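Read in the UniProt record's numbering, the sequence shown has 44 at position 44, and its numbers run on one by one without any break. We put the beta carbon where it would ideally sit given N, CA and C, even for glycine. Model, not experiment: these values are computed from the prediction. Report on the structure given below.
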Amino acid sequence: MQGVFDGMAEGPTCTVHLADAPTHRGADNTPINEKQLSHRLSYLLRHAPHEAGLTLQPGGWVPLEPLLAHLNVNREQVERVVAASDKHRFALDGQRIRAN
1 MQGVFDGMAE
11 GPTCTVHLAD
21 APTHRGADNT
31 PINEKQLSHR
41 LSYLLRHAPH
51 EAGLTLQPGG
61 WVPLEPLLAH
71 LNVNREQVER
81 VVAASDKHRF
91 ALDGQRIRAN
């Protein structure tokens, strides 16, 4: 994580850039950022839904709530990852999500 040091006269303090800051914690309670969340979503939705206790529905959809609970994140965090994906890797439809 990169930051900027301020206040050298009284000792350094670090201001963390928000883009570099972890945005949430994963299932093991370690901080993860949006890129890591995107990778985890891709893995679970494309290769291993069973690891999250999910069963793919027709069209590759899974219910969103159990996925959120497994990843220990909220809907807003997932919505940010979906919106930020320049390759449109995910689709959200109400209470379900899939990898495109």
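DSSP, reduced to helix, strand and coil, places R89 outside both helices and strands of the structure shown, so it counts as coil. Taking C-beta atoms as the reference points, L45 and R98 count as a pair closer than 8 angstroms. A Cβ-Cβ distance of about 18 angstroms is found for the pair S42 and R75, leaving them out of contact under the 8 angstroms criterion. Rounded to whole angstroms, the gap between the alpha carbons of Q36 and V81 is 10 angstroms.
Scanning Q77, L68, E79, W61 for the CA closest to the CA of N100 turns up W61. Across the set V73, E65, E51, T55, the C-alpha of V73 shows the shortest separation from the C-alpha of T30. With fewer than 16 other Cβ atoms inside 10 Å of its own Cβ, P58 counts as exposed. Rounded to whole angstroms, the separation of the alpha carbons of L54 and L71 is 12 angstroms.
Nearest to E65 by alpha-carbon distance, out of L92, S85, D86, K87, is L92.
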